[in-house]
Each structure stands twice: as structure tokens, then as C-alpha cells.
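Participant: The letter at position 25 of the sequence shown is residue 19 when you use our numbering, and the numbering goes up by one with no holes.
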Amino acid sequence: MYVDNDPLVLAHARALLTGNREGACSYVDADVRDTSTILKQAAQTLDLTKPVAVLLLAVLHLIPDADSPAAIVARLADGLAPPSYVAISHMTADFAPEPKNFPHTSFRQRTANSCGCGAHKVSRGI
Ligand SMILES: C[S@@+](CC[C@H](N)C(=O)[O-])C[C@H]1O[C@@H](n2cnc3c(N)ncnc32)[C@H](O)[C@@H]1O
-5 MYVDNDPLVL
5 AHARALLTGN
15 REGACSYVDA
25 DVRDTSTILK
35 QAAQTLDLTK
45 PVAVLLLAVL
55 HLIPDADSPA
65 AIVARLADGL
75 APPSYVAISH
85 MTADFAPEPK
95 NFPHTSFRQR
105 TANSCGCGAH
115 KVSRGI
């Protein structure tokens, strides 16, 4: 289950993210801030009464502070059965100290704690 709100990305999703006999695969056309739509539509493909993993990869740094990315994480996590997992990856300035600002996007730097939402951290591993 993939979530995005960019029409071009969704065109690829329509072509590629189709299920078959081996397994279900789908996408949700939604803004990541619209967590109720995401959870509702995801439940049409996934059994959310069972644990799942939510991957918020390279997306939360696009969400302005005013839209409370930590609350987005919390709302998504609230809709999951324990012991589900949420993985977050975020742009870092470690290797590019100057903030990267593109014409239509400004990447936001945050600490891990600001998106922690009280979840228990797990150690790295495979
Ligand atoms: C750097 S890509 C990461 C895509 C994917 N998570 C991955 O790891 O391959 C960021 C994606 O976030 C999507 N995106 C940006 N803002 C969004 C929003 N408010 N809601 C949903 N998707 C968004 C963009 O369209 C883009 O496809």
C-alpha cells in the first residue's frame, strides 16, 4: 500500500501498483495529512486489526510545522494494531549544512524527538 498526492507519481502507481494472485498491492491518492482517508482506504487492502509497518520515508520534511508532522505520525500510529511499527526517514543537514530550499519546497529540519510521538524506539537491526 503506497500513499502519495502527486499526479505524476499516481500515474505510475496506477500502472505499477496492481495486485495479482500472489498478493495485494495498491495505492491511496491522499495527502499525508489526511490520515483518516489513508487509514480508511488502506483498510480496504490491509487487515489493520493485525500489526503492520508504516514507512514515512522522505516525506515528513515536506510538511510545515504548522501542520504538525508529529500529530500526523500520532494519528497514523493510533490507527494501528499493536505491536505495529512506524519507520521515519528524514532529510539531514549532516552532509549539507546549508539548508536546501527548492523553488516550491523547503525542507524542514527536525530532531528525532519532535516526531517521536511517545512511541517506543527500537534498536537498529534487520
Ligand atoms: C522523496 S519522495 C519519497 C517517496 C517514497 N516515500 C520513497 O521512499 O520512495 C517524497 C514523496 O512525497 C510525496 N509527497 C509530498 N508531499 C506530500 C503530501 N503532503 N502528501 C502525500 N505525499 C506527499 C511526493 O509526491 C513524493 O513522491
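We treat Cβ as the ideally placed atom computed from N, Cα and C, and that holds for glycine.
#1: Where does Val67 fall in DSSP's three states?
#2: Among residues of its own chain, excluding the 5 on either side of Cys19, which ones have a beta-carbon nearer than 7 angstroms to its beta-carbon?
#3: Please name the residue or residues paired with Leu51 in a DSSP beta bridge.
#4: Could you spell out the range, first to last residue, of the alpha helix (DSSP H) harbouring Val3?
#5: Do Ser78 and Val46 have their C-beta atoms within less than 8 angstroms of each other?
#6: Return yes when the Cβ of Ile66 is within less than 8 angstroms of the Cβ of Val26, no when it is not.
Facilitator: The short version:
#1: helix
#2: Leu11, Thr12, Gly13
#3: Ser83
#4: 1 to 10
#5: yes
#6: yes
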